[in-house]
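Protein chains in written order, with the working numbering: chain A, 43 to 397; chain B, 4 to 420; chain C, 518 to 815. Glycine residues also receive a C-beta, built at the ideal position from the N, C-alpha and C atoms. These notes concern the structure reproduced below.
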């Protein structure tokens with residue numbers, strides 16, 4: 043029943059590309075589904091679900107960014123802005139035309155994809171750090187535009203209130219409702235990314251990442267695929283922005299500033315570039331780390347310091363620990379949490395008969 | 004394997020801390036929890052590191068006197084680094100820990116939490132920041148600005164300029180220097196209205212973030228526009244830069260007024276000290292200085308514990324604001340407990356408690372607010388202080404101006420929705 | 518001379534001086550990139566940290582100014598060496614983004630340490646120079662900006678000499694050009710990486726003192742780091758004269774935008790205009806004005 047692979051015994055391309063390489067993968071996915079759809083939402087307190095919701099939103103954004111950075115090798119420091127494009131598109135559609143969430147979600151994603159592709163145009167000519175900073179410029183220009191064009195921002199406050207999403211007659215307003223709502227999209231995003239990377243498009247992306255001139259020579263249309271990578275990645279970002287808007291009940295561009303772009307980069311680098319699982323791990327890690335550090339400090343900080351000092355200590359220590367952990371990770375495990383997970387798995391795979 | 008061990012240890016620490024944290028809040032049922040959000044490490048940490056200790060000191064003072072009707076108050080603080088997801092998380096955490104009222108911090112944060120606060124029926128305060136339209140208690144029943152909003156501040160500043168310029172603004176030129184974000188642009192509509200009403204010429208000068216340099220704007224104000232008065236609405240490090248640069252181009256600082264986030268000791272220090280900023284006017288929504296009975300009591304409390312008074316008390320503008328915010332929360336809780344002596348108060352009770360606050364002045368540190376179920380701002384009262392001889396000196400008492408214009412804008416904003 | 522033209526000249530002079538102040542920060546950025554191919558997203562935090570050290574020494578511990586500045590210099594040089602040794606050496610050969618992320622982590626650490634260890638809140642950093650501007654015909658010349666411009670130009674001259682004439686400088690250029698070949702020629706590549714980071718430390722220390730005087734010292738001082746990107750991209754990431762020219766362009770464009778564009782669009786275009794210019798420039802010259810063109814081979 044429980045059997046593991048003991049070598050690469052695949053004889054067809056279909057087997058090599060299969061979504062579930064082994065029967066046990068099916069069982070793992072089923073078990074995870076039970077855990078995430080039943081056990082967690084039905085047993086945990088709303089607070090933990092709210093944290094989970096923040097993680098889910100981050101997972102979708104991180105997956106999208108990883109398609110661009112990890113799989114296609116194009117750096118973007120503008121993803122926060124693409125999220126805001128999605129958020130404002132959805133908010134305007136919902137408020138002005140009364141569009142329901144399925145419409146705004148797709149529209150927000152598509153609009154972000156369009157803007158993302160435009161910001162990605164310089165990628166055809168410039169590379170690496172120059173491109174990174176060009177996307178940073180994109181971020182600032184989008185922020186500026188939303189901030190100043192009242193047609194988009196809905197007034198000087200640049201914030202548009204949005205009603206909670208509805209499912210039939212049910213209004214999704216508790217954290218538990220949002221949990222299910224978001225989880226569906228997380229699953230779609232994961233399956234979507236996995237399948238995208240098994241397709242012709244995904245292979246083209248990877249070829250471009252590995253060596254774009256070589257890719258061009260073997261007949262990959264760099265122009266099309268680079269922009270496609272920006273568009274797909276921004277589509278995810280736009281969807282993230284829309285979901286975030288529904289989660290908070292408001293679209294506000296100050297929630298999508300440069301710091302957000304950097305947080306998402308941190309997620310995929312810590313998690314592992316070019317890996318779906320890594321994106322998920324990274325999103326979980328970056329979202330939970332400050333919270334866990336705070337809990338730890340609250341529990342043990344009082345042993346060493348005065349309560350007033352602890353209050354000042356926690357945030358600064360958290361900041362320093364966050365920075366240190368990022369650096370330690372980069373030095374010790376450059377391929378991120380995903381690699382760490384593989385190492386652990388391969389250790390147990392041959393356990394107890396490791397050679 | 005080392006990495007795996009490290010991971011395991013982290014997980015153990017995490018679960019251990021979760022377990023340790025849980026029972027601490029469970030016991031004494033009479034305890035009343037205030038959720039406090041704070042920014043001690045983010046872009047506005049200069050405010051947070053002083054304001055939040057003020058909040059805690061006042062709560063400690065109340066507790067040292069036996070709490071509110073015997074109920075101890077617990078102020079749970081979480082630093083959100085001015086990030087929205089962290090603010091959402093800390094909101095949910097406070098809710099889980101039973102907070103019946105919340106001191107929110109930051110404009111994007113109050114926007115992000117507004118819907119939640121209303122759905123969960125927990126009052127949240129946004130003193131001196133957030134949307135000016137939130138003063139409308141009917142439209143935002145659970146949001147309490149409890150201090151002059153940006154609209155009231157701009158109106159008061161215009162009124163002050165009028166008095167400084169001889170009681171008539173006709174034909175005068177007023178420059179409005181603002182941080183180019185939603186908070187900075189918010190007062191413009193009120194100022195434009197006042198410009199037509201009073202007949203002065205208004206010109207706006209945007210300072211885009213990060214606002215580390217504003218030579219061009221300041222040159223324009225002093226040399227091209229030749230403003231008669233300057234209203235400055237800047238945040239973070241930008242107020243210091245504005246003071247210094249205005250001084251540099253030879254513009255007299257006694258014709259400049261900074262709104263509430265451009266008016267603290269830190270802003271003056273950053274500009275090079277009180278000597279440099281001599282003459283600069285600062286708008287305040289809490290009393291400034293150390294000479295208030297409540298501050299003496301806090302110092303007494305520390306003395307009794309054998310500890311020196313905290314160094315944050317020296318930065319009186321932000322510290323006193325912290326005390327003010329805490330005092331209004333405690334007062335609202337007091338009112339709520341009066342209405343429900345069994346001590347089982349909910350967010351709704353505290354909301355009603357806020358709406359009963361009237362003439363609670365704490366010896367002059369708090370303006371004589373009158374919060375009602377329609378006016379959550381409490382009258383839009385401010386004081387103007389001036390940098391004079393190395394310290395802030397009071398120039399005006401609590402006042403509000405053009406409240407009719409402000410009310411009109413609040414109405415219009417409600418109608419637009 | 519009409520009033521408008523006088524105002525234009527004022528804007529220009531202001532732009533030139535502030536532009537040279539930007540160059541000062543950009544120089545640190547370029548030095549590191551030139552020698553080690555690492556991009557330093559913590560440049561603003563370097564400047565902030567140096568400002569914290571100087572202001573802390575001056576205002577909290579009460580030492581004379583020259584000791585405070587020396588301390589900041591010494592500490593930043595040591596910091597540069599240690600940083601290279603502990604962190605960046607381990608990241609050699611990793612993808613660009615790893616180094617970027619590591620410096621972002623470093624920025625978080627510095628932002629935590631400064632207020633935590635040295636002082637919290639805002640402190641001024643007074644220098645013994647007058648606040649009143651010199652008036653020279655139509656121009657207002659603030660002394661601090663003149664000093665900053667002077668320091669920038671001195672650095673340009675100093676580094677120019679260093680890279681062109683000195684033995685060490687030539688070795689560093691060799692390292693920058695091709696690490697493997699440099700190694701084969703017997704150059705201790707890692708040592709020169711350390712030297713480059715230490716040189717960035719020097720530039721950051723003086724930048725911290727001058728900008729600290731302009732803005733006051735607190736964490737917001739790190740925001741000047743954001744000004745660096747258009748400067749270095751316009752000039753070219755690996756060109757020292759480029760940093761100066763880029764600084765001048767950004768300074769002037771900002772002032773012209775604030776003086777003549779802002780009134781028409783009703784918003785601040787000052788920080789946004791250089792980025793637009795930068796994108797346009799990149800479409801024409803993908804490696805900046807003075808940047809080295811990289812020829813790719815398969």
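Pick from A:248, A:264, A:365 and A:384 that is closest to residue 109 (chain A), judged by C-alpha positions: The candidate whose alpha carbon is nearest that of residue 109 (chain A) is A:248.
Tell me the start and end of each unbroken beta strand (DSSP E) in the segment 140-165 of chain A that is at least 3 residues and wholly inside, in chain order. Counting whole runs of 3 or more residues, the segment 140-165 of chain A contains no beta strand (DSSP E) stretch at all.
Nearest-angstrom Cα distance between residue 665 (chain C) and residue 761 (chain C)? If I take the Cα positions, the gap works out to 12 Å.
Could you check the C-alpha separation between residue 164 (chain B) and residue 228 (chain B) for me, to the nearest Å? Each residue's CA atom was taken as its position, placing residue 164 (chain B) and residue 228 (chain B) some 17 Å apart.
Whole-angstrom Cβ separation of residue 275 (chain B) and residue 581 (chain C), contact assumed at under 8 Å? With 8 Å as the limit, residue 275 (chain B) and residue 581 (chain C) do not qualify as a contact, their Cβ atoms being about 18 Å apart.
What is the DSSP secondary structure of residue 236 (chain B), reduced to helix, strand or coil? Per DSSP, reduced to three states, the secondary structure at residue 236 (chain B) is strand.
With H, G and I counted as helix, E and B as strand and the rest as coil, what does DSSP make of residue 38 (chain B)? It is a strand residue.
Please identify the residue among A:98, A:136, A:335 and A:58 whose C-alpha is closest to the C-alpha of residue 232 (chain A). When C-alpha distances from residue 232 (chain A) are compared across A:98, A:136, A:335 and A:58, the shortest belongs to A:98.
Skipping 5 residues on each side, what residues in its chain have a beta carbon closer than 8 Å to that of residue 46 (chain B)? So the qualifying residues of the chain are 85 and 239.
Can the beta-carbon of residue 48 (chain B) be found closer than 8 Å to that of residue 645 (chain C)? Against a cut-off of 8 Å, the Cβ pair of residue 645 (chain C) and residue 48 (chain B) comes out as no contact.
Among residues of its own chain, excluding the 5 on either side of residue 809 (chain C), which ones have a beta-carbon nearer than 6 Å to its beta-carbon? Cβ within range, chain order: 755.
Cβ-based neighbour list, residue 157 (chain B), same chain, cut-off 6 Å, excluding 5 preceding and 5 following: Cβ contact annotation for residue 157 (chain B) (same chain, cutoff 6 Å, sequence separation greater than five): 190, 193 and 194, in chain order.
Do the segment 695-703 of chain C and the segment 536-547 of chain C make contact, defined as three or more Cβ pairs closer than 8 Å? No: the two stretches stay apart, fewer than three of their Cβ pairs being nearer than 8 Å.
Return the chain-ordered list of same chain residues with a C-beta closer than 8 Å to the C-beta of residue 615 (chain C), the five sequence neighbours on each side being excluded. Taken in chain order, the residues that qualify are 608.
Neighbour list for residue 743 (chain C) in chain B, Cβ cutoff strictly below 8 Å: Here the neighbours are 213.
Just grab the DSSP bridge partners of residue 74 (chain B) for me. Residue pairing of residue 74 (chain B) in beta bridges, as defined by DSSP: B:71.
Contact between the segment 291-299 of chain A and the segment 255-271 of chain A (3+ Cβ pairs under 8 Å): In short, these stretches do not touch, since the Cβ pair count stays below three.
Buried versus exposed, by CB contacts within 10 Å (16 or more), residue 255 (chain B): So residue 255 (chain B) counts as exposed.
Any C-beta of chain A sitting closer than 8 Å to the C-beta of residue 110 (chain B)? Among the CB atoms of chain A, one or more fall inside 8 Å of the CB of residue 110 (chain B).
Going by DSSP in three states, residue 248 (chain A) sits in which element: helix, strand or coil? Helix, per DSSP.
Could you tell me whether the Cβ atoms of residue 712 (chain C) and residue 689 (chain C) are closer together than 8 Å? Annotated as proximal: residue 712 (chain C) and residue 689 (chain C), with beta-carbon spacing under 8 Å.
Closer than 8 Å to chain C by CB, residue 258 (chain B): The beta-carbon of residue 258 (chain B) is placed no less than 8 Å from the nearest beta-carbon of chain C.
Same chain, Cβ closer than 7 Å to residue 330 (chain B), five either side skipped, listed in chain order: Only 61, 365 and 369 meet the Cβ criterion.
Output, in chain order, the set of chain B residues within a Cβ distance shorter than 8 Å of residue 535 (chain C). The contacting residues are 216 and 218.
Other residues of its chain near residue 96 (chain B): CB distance less than 7 Å, five sequence neighbours each side excluded: Cβ-Cβ distances below 7 Å link residue 96 (chain B) to 81 in the same chain, with the five nearest sequence neighbours on each side left out; the list follows chain order.
Under DSSP, the beta strand (DSSP E) around residue 105 (chain B) begins and ends at which residues? Taken as a continuous stretch (DSSP letters only), the beta strand (DSSP E) holding residue 105 (chain B) covers 102-106.
Does the beta-carbon distance from residue 89 (chain B) to residue 288 (chain B) come in below 8 Å? In this structure, residue 89 (chain B) sits away from residue 288 (chain B), with a CB-CB distance that is not shorter than 8 Å.
Taking 8 Å as the threshold (beta carbon to beta carbon), is residue 800 (chain C) in contact with chain A? In terms of beta-carbon proximity, residue 800 (chain C) lines the interface with chain A, with at least one pair separated by less than 8 Å.
Taking all protein chains shown into account, decide if residue 62 (chain A) is buried (16 or more other Cβ within 10 angstroms of its Cβ) or exposed. Exposed: under 16 other Cβ atoms inside 10 Å.
Straight-line CA distance for residue 10 (chain B) to residue 624 (chain C)? Residue confidence is low: residue 10 (chain B) scores 49 on pLDDT, short of 50, so the model does not pin down where it sits. Its coordinate-derived value is still stated next. Answer to the nearest angstrom: the Cα atoms are 25 Å apart.
Rounded to a whole number of angstroms, what is the C-alpha to C-alpha distance between residue 24 (chain B) and residue 161 (chain A)? At residue 24 (chain B) the pLDDT is 44, less than 50, meaning the model places this residue with poor confidence and gives no usable figure here.
Give the DSSP bridge partners of residue 80 (chain B), in chain order. The partner list for residue 80 (chain B) (beta bridge, DSSP) reads B:39.
Just tell me which of B:118, B:211 and B:322 has its CA closest to the CA of residue 293 (chain B). Comparing Cα positions, the closest option is B:322.
Comparing the C-beta of residue 61 (chain B) with each C-beta of chain A, is any distance below 8 Å? By this cut-off, residue 61 (chain B) is not an interface position.
Which of the three DSSP states, helix, strand or coil, is assigned to residue 208 (chain A)? Strand at residue 208 (chain A).
Outcome for residue 44 (chain A) when other beta-carbon atoms lying within 10 angstroms are tallied against a minimum of 16: Low local confidence applies: a pLDDT of 48 at residue 44 (chain A) is under 50, so the model's placement there is unreliable, with the coordinate-based value given in what follows. Result: exposed.
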